[in-house]
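Have a look at the structure below, then the notes.
Chains as they are written, first to last, in my numbering: chain A, 16 to 315; chain B, 2 to 279.
Given below as structure tokens:
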């Protein structure tokens, strides 16, 4: 009997250095990511935060003293008003649309179409959206002209499209779809059995909404409204495309303070305004996350 | 459900769909209508505005710049995010919360705030590296992080990364081979989704380009609007159609799988605060 020269099973040669521990620490592979995010996300944020507290004389709160001026207060109040109005209207109509979708066939093509459309429209905004409304109800817009031919004038009391009221209308266009996206999962969590249970206990439609569905959906609805508020509060492009001059809302004020064409640009003051905005948005988003977690508790 | 209530519900649904459908469709239809108007009020419908796009050098340059930015941003996103996410999943699971937090952070920082901090950085870059519009890809990569992260996260969650990697490693594959030839080919839909979302975000971006004085597609549309409303609306419709097509492709590929593998709880919805698109 001869000795078998070849091994019975052919194995791949041990790779060079394969079995050894890497000489470099393992986190080194994640270092490029942290470095990149550090430079292009954390550094700009740090510049805004530190810039807000520095003026020509060094460390100071002088930049925030500018907040006390009438036009600054007005811009922030207008922003709050615009965001709250568009969030509440958007949340109500978005919830109605979500309910209309949720009561249909859950696997139907129509539902798929509506939720896809909402996914697209929630991202719609900026210059294109502003132009869409100018083409619709601007001075030479489709609806404006059509109404004029029928003896009606939507601008009898002045053109309001380029003012706060106009912005509310335009913002609602992206607020409703966003509300549908965040509210639909909550509606899907509602079981028809709960309604049957209410009825077998003698409750009517009113009791069902008041004592069963209402309290269950309230956190999701409120959370959605808060998300919509943050969404509108930080929006800039749509307003910038629609409103050509003036700083009627906070985001336009920040932009104009940053790049003033008349030489009044002041990065420190712009940073202070930006810091106030980011703090407001952050508070709203934290509240939203808390409400979202509360919703998730019974949704699963 | 009683017949009466079912009827009421159907009437309610119909009313909601018709009213909101009109609200959403009329502005888009009006843009088409506006972009095909003739010069005078009685002039016949014309496609002149659409044909003028190609003959306007500023617009063509801006369109090319935005397409270049979309490609660069998508590539950069893949190079930066894919290896990091795979590596963190395999070897550094304790860092996954940090990565997630950093990737979603751009949602809570409005683009208008980010730009205030970016201005000095870009001033330095313009002086020392390059003042090309393509440098915007650096910050656009940050803007697309939340969307790309979620898309890739869903893709990675759907496959057994650990087993695949261990199997490949035990057969002698290097880490590069594990990533490029084993894990990446197993998540084509997630990678496609991440790229499409990145392209959509980049093509829609206005805030940062405008305030850093670069003319990308959206800024060019806004500028053109002051000279010739019809042409700029035609470009706006074209860019909108393009984004629509991208996102419709996306919704047909991506969504069903996303339902199977739900996202980690507590993730804010993409498109919330940041993005720079509005």
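For glycine and all other residues, C-beta sits at the position ideal for the given N, C-alpha and C. No experiment lies behind these values; they were computed from the predicted model shown.
Step through the CB atoms of chain A and report whether any lies within less than 8 Å of the CB of residue i.
i	result
residue 1 of chain B	Given a span of 2 to 279 for chain B in the structure shown, any question on residue 1 of chain B remains unanswerable.
residue 240 of chain B	yes
residue 125 of chain B	no
residue 102 of chain B	no
residue 258 of chain B	Residue confidence for residue 258 of chain B is low, a pLDDT of 44 falling below 50, so the modelled location carries little weight; the figure read from the coordinates is stated next. It does not; no Cβ of chain A falls within 8 Å.
residue 233 of chain B	yes
residue 261 of chain B	Because residue 261 of chain B sits at a pLDDT of 38, beneath the cut-off of 50, its placement in the model cannot be relied upon, and the following sentence gives the value as read from the coordinates. Chain A, which has no Cβ nearer than 8 Å to the Cβ of residue 261 of chain B, makes this no.
residue 136 of chain B	no
residue 4 of chain B	no
residue 61 of chain B	no
residue 226 of chain B	yes
residue 166 of chain B	no
residue 178 of chain B	no
residue 169 of chain B	no
Using a cut-off of 8 Å between C-beta atoms, extract the partners of residue i located in chain B.
i	result
residue 318 of chain A	The requested residue 318 of chain A is not part of the displayed model; chain A covers only 16 to 315.
residue 42 of chain A	93, 96
residue 115 of chain A	13, 14, 17, 18
residue 118 of chain A	10, 14
Counting only beta-carbon atoms, is residue i nearer than 8 Å to chain B?
i	result
residue 181 of chain A	no
residue 121 of chain A	no
residue 258 of chain A	no
residue 79 of chain A	no
residue 169 of chain A	no
residue 156 of chain A	yes
residue 45 of chain A	yes
residue 55 of chain A	yes
residue 86 of chain A	no
residue 82 of chain A	no
residue 274 of chain A	yes
residue 228 of chain A	no
residue 111 of chain A	yes
residue 297 of chain A	yes
residue 99 of chain A	no
residue 131 of chain A	yes
Residue i touches chain B at which residues, Cβ-Cβ below 9 Å?
i	result
residue 236 of chain A	Neighbours of residue 236 of chain A on chain B: none; closest Cβ ~15 Å, over 9 Å.
According to the neighbour-count rule (16 or more other Cβ atoms, all chains shown, within 10 Å of its Cβ), is residue i buried or exposed?
i	result
residue 259 of chain A	exposed
residue 167 of chain B	exposed
residue 61 of chain B	exposed
residue 298 of chain A	exposed
residue 156 of chain A	buried
residue 219 of chain B	buried
residue 32 of chain B	buried
residue 86 of chain A	exposed
residue 257 of chain B	Because the pLDDT of residue 257 of chain B is 45, which lies under 50, any placement of that residue in the model is unreliable, and the number read from its coordinates should be weighed accordingly. Flag for residue 257 of chain B reads exposed.
residue 16 of chain B	exposed
residue 194 of chain A	buried
residue 301 of chain A	exposed
Residue i bridges to which residues according to DSSP?
i	result
residue 74 of chain A	A/69
Give me the chain A residues within the contact set of residue i, using Cβ-Cβ distance strictly less than 7 Å, ordered along the chain.
i	result
residue 245 of chain B	135
residue 88 of chain B	44, 45
residue 237 of chain B	142, 143, 146
residue 110 of chain B	60, 293
Closer than 8 Å by beta-carbon distance: list the chain A residues that pair up with residue i, in chain order.
i	result
residue 113 of chain B	249, 251, 266, 269, 270, 289, 292
residue 81 of chain B	47, 48, 51
residue 222 of chain B	142, 143, 146
residue 229 of chain B	Here the premise fails: no neighbours, minimum Cβ distance about 12 Å.
Below 8 Å on the Cβ atoms is my contact criterion, and I expect residue i with residue j to pass it. Report the Cβ-Cβ distance as a whole number of Å.
i	j	result
residue 228 of chain B	residue 50 of chain B	At roughly 12 Å, the Cβ-Cβ gap does not stay under 8 Å, so residue 228 of chain B and residue 50 of chain B are not in contact.
residue 238 of chain A	residue 69 of chain A	In fact, because the Cβ distance is near 37 Å, the residues do not count as touching under 8 Å.
residue 66 of chain A	residue 286 of chain A	4 Å
residue 290 of chain A	residue 64 of chain A	6 Å
residue 200 of chain B	residue 75 of chain B	6 Å
residue 263 of chain A	residue 102 of chain A	Not really, about 18 Å apart at Cβ, beyond 8 Å.
residue 111 of chain B	residue 296 of chain A	6 Å
residue 163 of chain B	residue 91 of chain B	6 Å
residue 121 of chain B	residue 62 of chain A	6 Å
residue 105 of chain B	residue 192 of chain B	The pair is not a contact, with the Cβ atoms about 19 Å apart (cut-off 8 Å).
residue 139 of chain A	residue 189 of chain A	6 Å
residue 43 of chain A	residue 105 of chain A	Residue 43 of chain A to residue 105 of chain A, Cβ: 46 Å. No contact.
residue 185 of chain A	residue 253 of chain A	6 Å
residue 97 of chain A	residue 183 of chain A	6 Å
Any heavy atom of the ligand MG closer than 7 Å to the Cβ of residue i?
i	result
residue 155 of chain B	In the structure shown, the ligand MG is absent, as is every other ligand, since no ligand is present at all.
Anything in chain B within Cβ reach of residue i, meaning under 7 Å, just list it in chain order.
i	result
residue 151 of chain A	27, 28, 31
residue 59 of chain A	115, 118, 119, 122
residue 194 of chain A	Simply none; closest approach about 10 Å.
For residue i, go through chain A and note every residue whose CB falls closer than 9 Å to its CB, in chain order.
i	result
residue 143 of chain B	51, 52, 55, 56, 59
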